[in-house]
Amino acid sequence: MKLVSFLLEGREQAGILTEAGVKPLGATMNEVIRDPSKLCAPADEVALAEVELLAPIPRPEQDVICLGLNYTEHAEEAYGYSKQAFSADRAHPVFFSKRATYCQGSGAPIPAHADLTQRLDYEAELAVVLGKDVRDISEDEVEDAVFGYTIINDVSARDLQTTHKQWYFGKSLDGFCPMGPCIVTRDEVPWPPAMDISATVNGELRQHSNTRMLIHGIPEIVSTLSRGMLLRAGTVIATGTPKGVAMGMDVPRFLAPGDTVVCAIEGIGRLENTVE
Ligand code: MG
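The sequence shown begins at 568 in my numbering and counts up by one.
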């Protein structure tokens, strides 16, 4: 099923997406993830016109965990942009953290932060949401720990990313974690996920790949991270972006106010946000 979060009469809650609307679940998405029995008793359907859709998890309980350089051709374009910042040995997954105080949904703006960055970039990514608390699990046990999947635009300020020689600040400004439009539950996606992924800017195709091209797949990512680290239900992991970001172009065309980015993944939908 497809799950969304929304405001109805001023109250944030999760619901099941239907053809004509949503069936409210009377609990937030984080509460539903922690107690999936709440999925079994939805309220009567409400028309989409009556609700304001939000990101499926508007406030992750912890920072989003991200994979760096996890598609071969993207790793090459990043290295071409800055050999110092992106020269990674990729025998093992490259992890970093992205602050996500608030994730905006599809249709909400991306703040340009023009006082801080002149090199605003986009990254379409498949994000996996965990449904269980896990620690020290094998790759074979990962599928059972997955709640579902969504799309994240890992918005990045390349100048901050290289100036500070660490990715956290340049990835974490307010509004840099658009998420949506929904969470697709694990049962609807063949394991491991092999889904077309793309990004367009103002209708121009910039990124196009398939999640089967991940260097380190979801089983390896989650199993590796769980070694010696408790991963809680509701943890969001963005699995990395394919080739085609602005910094990889011969003459980079970074985002500017008015530009619209659409990140799309087969079976999940479209995450559309305009820079303001
Ligand atoms: Mg990324």
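By construction, the Cβ of each residue, glycine as well, lies at the ideal position given by its N, Cα and C atoms.
Tell me which same chain residues have a C-beta within less than 6 Å of the C-beta of residue i, skipping the five on either side of it?
i	result
Ala679	Pro824, Val842
Cys670	Ala622, Pro625, Cys744, Met746
Leu575	Val618
Gly785	It is Ile, not Gly, that sits at residue 785 in the sequence shown. Excluding sequence neighbours, Ile785 sits near Val695, Pro759.
Leu822	Leu687, Val842
What three-state label does DSSP hand residue i in the structure shown?
i	result
Ile782	coil
Gln651	helix
His641	helix
Ala622	coil
Pro748	strand
Pro757	coil
Glu787	helix
Asp700	coil
Cys607	helix
Val709	helix
Glu839	strand
Gly811	coil
Between which two residues does the beta strand (DSSP E) harbouring residue i extend?
i	result
Leu570	569-575
Gly635	631-635
Asn777	771-777
Arg578	578-584
Cys670	Where Cys670 is concerned, there is no enclosing beta strand (DSSP E), given that its DSSP letter is neither H nor E.
Gly588	588-591
Asp721	Unbroken run through Asp721: none, as it is neither H nor E.
Asp763	763-768
If you drop the 5 nearest sequence neighbours on each side, which residues of the same chain put their C-beta closer than 8 Å to that of residue i?
i	result
Glu612	Thr585, Ala587, Gly588, Val589, Lys590
Just checking my contact of residue i with residue j at CB under 8 Å: how many whole Å lie between their CB atoms?
i	j	result
Ile632	Leu792	7 Å
Lys605	Leu620	The pair is not a contact, with the Cβ atoms about 19 Å apart (cut-off 8 Å).
Met814	Arg725	5 Å
Lys810	Glu644	6 Å
Cys749	Leu615	About 12 Å; that fails the 8 Å criterion.
Asp688	Val768	That pair is no contact at about 10 Å.
Gly582	Pro603	Their Cβ separation, rounded to whole angstroms, is 14 Å, which puts Gly582 and Pro603 out of contact at 8 Å.
Thr668	Asp741	7 Å
Which same chain residues, not among the five before or five after residue i, have their C-beta less than 7 Å away from its C-beta?
i	result
Ser649	Thr729
Ser739	Lys665, Arg666
Ala524	Any answer about residue 524 is impossible in this case: the structure gives the chain only from 568 up to 843.
Asn597	Ile624, Glu628, Gly801
Val701	Ala712, Ser793, Leu798
Thr639	Ile782
From what residue to what residue does the alpha helix (DSSP H) around residue i run?
i	result
Asp726	725-730
Leu736	Just to set this straight, residue 736 is Phe in the shown sequence, not Leu. Taken as a continuous stretch (DSSP letters only), the alpha helix (DSSP H) holding Phe736 covers 734-738.
Glu598	596-601
Taking 7 Å as the CB-CB cut-off, is residue i touching chain D?
i	result
Cys670	Here there is only one protein chain, and chain D is not present.
Would you say the beta carbon of residue i is closer than 6 Å to some non-hydrogen atom of ligand 3?
i	result
Gly698	With respect to ligand 3, the structure shown offers nothing to examine, as its ligands consist of ligand 1.
Near ligand 1, which residues have their beta-carbon less than 5 Å from any of its heavy atoms, given in chain order?
Taking each Cβ in turn, the ones that pass are Glu690, Asp721, Thr808.
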